[in-house]
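Going down the list, the protein sequences come from chains A and B. Residues are numbered in the numbering used here as their position in the first sequence, beginning at 1, plus a constant of 218. Residues are numbered in the numbering used here as their position in the second sequence, beginning at 1, plus a constant of 423. Scroll down for the structure; my scribbles are underneath it.
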Amino acid sequence: MNYQFQPGFILEKLPELAVGLKFTLIVSAIGIAGALAIGILAAACRSERLPLLDGLVKAYVELFRNTPLLVQIFFLYFALPEVGLKFEAFTVAWLALVLWGGAYQAENFRAGFEAVARGYREAARALGMGRALTLSAVVLPIGLRIALPSLTNICISILKNSSYMVAISFQELTDTAVNIVSLSFRVFEMFLVIGIMYLGIAWLLGAGMGVLERRLALPGTR
Amino acid sequence: MPSWAPPVIAYSAQGLEFTLIISVITVAAGVVVGVLLGSLLTLPVAIVRVPSRIYVEVWRGLPIIITLFFVFFTLPAINLRLSAFAAACIGLSLWASANVAEIVRGAVQSIPGGQFQASAAMGFNWAQTMTYVILPQSVRRMLPPLVSLLANLIQSTSLAAVIGAFELLQAARRSIERLTVDTGNSEAIPILAAVLIVYFILCFPLAQASRRLEASLAV
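Right, here's the structure in full:
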C-alpha cells in the first residue's frame, strides 16, 4: 500500500465542500420541519379516527415506511415527469425527505398520542373541551414529550438520508465529495472529512434534542 | 400485457435475485460479526470494549451510502480490485453488523445479573456463559428489532444501485434507459411502481411480524 495521505488537499477542497454542506443542511432542515408537520397532522387524523382520512393516512404511512427511500426518490425524479410533473433535483431532494420522514414521524406521534393516559382525555372532555382543543392542549403536549426520543432518531435519519440525493446528482455534501474523489482519487482525505462532518452534525442534532428532552421532561419521569 | 413488459420483467427478476442474494450475504455476515461485537460491548475490559464501540458508532452513524462509496473507492486505492457487488455486500455488512451489535448489547444487558453470577458459580468461563446461558435468553429481546432491521436492510440493498451493482432497482433503471433509447417511451411509471410494490411485498410482512413479535414477547 503506497497511498500518500495529503492533509493539504482537504484544506484546498474545504470551500467546495462547504457549499455542499450548505445544501445538505438546507434540505435536511426542510425535511425535518416538513416531516414533523406531516407527522403531527397524520397522527391527529389517526388518533381522532377521522373517517376516510384515517384509512388514507394509514396507507400513506405503510407505503412510505415499507419501500426504499431511493426508489421513492427515483419515482419522483424519473417517473413523475412522464405525467408532466417535472421537478428539479432540489425540489425532489426536500420533497422526498419530507414524505419519507413524515410517514415515520406520523407513526412516532401516533405511538406518543396513544401512550397518553386515557384519564387525561376524559378529564379534558369532562371539562367541556372539544376534540380539537383536547388534542392540541392536552394530548399533543404530553404525547410529544413521550415521542421525543423516537422523533429525534428520525430527524437524524433524515439528515443522514439527505446523502441519497447523490443518486440524482443534487449537489449536497456527499455528491460534492464523490465528484472530487472521482476526479482526484483522494479517497481517504475526502471520506475522512465528510465522515467527520456527518457524524458531527448528527451528534450535535442528537445532543440538542437531548437538551430539549430534559427541559421538557414530564415531572416524575426522570 | 404490453410488448415491452415481458423482457423487462425477466430482467428485473434477475435483479430481484441479486437483491435477495445481497440481503442473505449481508444478514449472515451482519449476524455473525454483530453477535460477537455486541457480546464484546458488554465486557468491562476497555481494550476490547472501546474499539468495538468505535466500530459500532462509526458504521451505524455514517450514512450507508457513504460507507458504500468508501468501500467501493478505497479498496482499489490500496490496489485491491473489487466488484460493485462485493463492495455493496461489504459496505452493507459493516452497517448491518454495527446495528446487530447494538441490538445484542441491549438484549444482553437486559438479562438480570444473577444469571452471570450463577454461570460463574458453575465454573463457566465468559465464552461458555455467553453461548449457553446469556445469548439464548436474550434472543427473545433481540427478535423484534432484528426482524425490523431485516426489513430495513432489504430496503437498503437498493443503495447498491448507486455504486453500479446489479440488483432490482438497477435492473429497473437500465430497463427504463433502454426503453427510452429504443422506443422513446421510458415507461418509468409502471416500472418504478412495480419496483415499489415488490419491495412493499418483501418488507410489509416483516414489519408486521416485528410488531406482532414485540407485542407477544413483551414482558
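All residues carry an ideal CB built from backbone N, CA and C; glycine is no exception. Source: prediction; values computed, not measured.
For residue i, three-class secondary structure by DSSP
i: Trp421/A; result: helix
i: Trp427/B; result: coil
i: Met347/A; result: coil
i: Arg504/B; result: coil
i: Phe327/A; result: helix
i: Val523/B; result: helix
i: Ser387/A; result: coil
i: Met545/B; result: coil
i: Thr309/A; result: helix
i: Gly361/A; result: helix
i: Ala333/A; result: coil
i: Tyr322/A; result: helix
i: Ser533/B; result: coil
i: Arg404/A; result: coil
i: Gly587/B; result: coil
i: Ala609/B; result: Sequence check: residue 609/B is Ser here, not Ala. Coil at Ser609/B, not helix or strand.
i: Val459/A; result: Any answer about residue 459/A is impossible in this case: the structure gives chain A only from 219 up to 440.
i: Val468/B; result: coil
i: Gln540/B; result: helix
i: Gln222/A; result: coil
i: Leu436/A; result: coil
i: Leu485/B; result: coil
Spatially closest choice to residue i from the options, by CA coordinates
i: Phe241/A; options: Thr392/A, Val429/A and Ser402/A; result: Thr392/A
i: Ala329/A; options: Ala260/A, Phe388/A and Arg433/A; result: Ala260/A
i: Phe285/A; options: Leu491/B, Ala574/B, Arg634/B and Glu440/B; result: Reading off the sequence shown, one finds Thr at residue 285/A, where the question assumed Phe. Taking only the C-alpha atoms, the option nearest Thr285/A is Ala574/B.
i: Pro359/A; options: Leu281/A, Glu300/A, Ile376/A and Ile258/A; result: Ile258/A
i: Leu439/B; options: Leu498/B, Val618/B and Trp518/B; result: Val618/B
i: Phe492/B; options: Val399/A, Gly438/A and Ala435/A; result: Val399/A
i: Gln222/A; options: Gly424/A, Ala425/A, Phe403/A and Leu423/A; result: Phe403/A
i: Ala350/A; options: Leu288/A, Pro225/A, Ala253/A and Arg267/A; result: Arg267/A
i: Leu459/B; options: Pro613/B, Ala594/B and Asn522/B; result: Asn522/B
i: Ile444/B; options: Ile501/B, Leu602/B, Ile489/B and Phe589/B; result: Phe589/B
i: Ile412/A; options: Gly249/A, Ser381/A and Leu422/A; result: Ser381/A
i: Ile448/B; options: Ala510/B, Arg472/B and Leu592/B; result: Ala510/B
i: Gln177/A; options: Tyr416/A, Met408/A, Leu436/A and Ala420/A; result: The displayed coordinates of chain A run from 219 to 440. Any statement about residue 177/A would go beyond what the structure contains.
i: Ile526/B; options: Ile489/B, Ser579/B, Leu615/B and Val479/B; result: Val479/B
i: Leu288/A; options: Ile501/B, Ala530/B, Asn502/B and Leu576/B; result: Leu576/B
i: Tyr322/A; options: Val245/A, Ser265/A, Val396/A and Lys276/A; result: Lys276/A
i: Tyr434/B; options: Val455/B, Met545/B, Asn548/B and Gln593/B; result: Gln593/B
i: Leu625/B; options: Ala638/B, Ser571/B, Ser639/B and Asn608/B; result: Ser571/B
i: Val310/A; options: Leu423/A, Ala335/A, Leu366/A and Leu294/A; result: Leu294/A
i: Val316/A; options: Gly252/A, Ala324/A and Val237/A; result: Gly252/A
i: Phe296/A; options: Ile614/B, Val494/B, Val604/B and Val471/B; result: Ile614/B
i: Val481/B; options: Pro628/B, Met553/B, Ser520/B and Ser639/B; result: Ser520/B
i: Phe623/B; options: Gln290/A, Ala255/A, Leu243/A and Leu235/A; result: Gln290/A
Distance cut-off 7 Å: residue i Cβ against heavy atoms of the ligand ZN
i: Arg267/A; result: The ligand ZN is absent from the structure shown, which contains no ligand whatsoever.
Assigned exposure category for residue i - 16 Cβ within 10 Å defines buried
i: Leu232/A; result: exposed
i: Ile599/B; result: buried
i: Gln274/A; result: Sequence check: residue 274/A is Leu here, not Gln. By the neighbour-count rule (16 or more Cβ atoms within 10 Å), Leu274/A is not buried but exposed.
i: Glu340/A; result: exposed
i: Pro474/B; result: exposed
i: Phe567/B; result: As written in the sequence, residue 567/B is Pro, which differs from the Phe given in the question. The residue in question, Pro567/B, is buried, as its Cβ has 16 or more Cβ neighbours within 10 Å.
i: Lys378/A; result: buried
i: Thr606/B; result: exposed
i: Arg564/B; result: buried
i: Gln437/B; result: exposed
i: Pro467/B; result: exposed
i: Ala584/B; result: buried
i: Asn326/A; result: buried
i: Glu610/B; result: buried
i: Trp421/A; result: exposed
i: Ser246/A; result: buried
i: Leu436/A; result: exposed
i: Val429/A; result: exposed
i: Glu306/A; result: exposed
i: Ala544/B; result: exposed
i: Gly441/A; result: No answer is possible for residue 441/A: it lies beyond the span of chain A, which begins at 219 and ends at 440.
i: Ala333/A; result: exposed
i: Gly537/B; result: exposed
i: Ser581/B; result: buried
i: Met424/B; result: exposed
i: Ala385/A; result: buried
Cβ of residue i within 8 Å of any chain C Cβ
i: Gly514/B; result: Absent from the structure: chain C. Protein chains present are A and B.
Quiz item: Could you give the uninterrupted runs of the beta strand (DSSP E) lying entirely in the stretch 259–310 of chain A, keeping only those of 3 residues or more?
Solution: none
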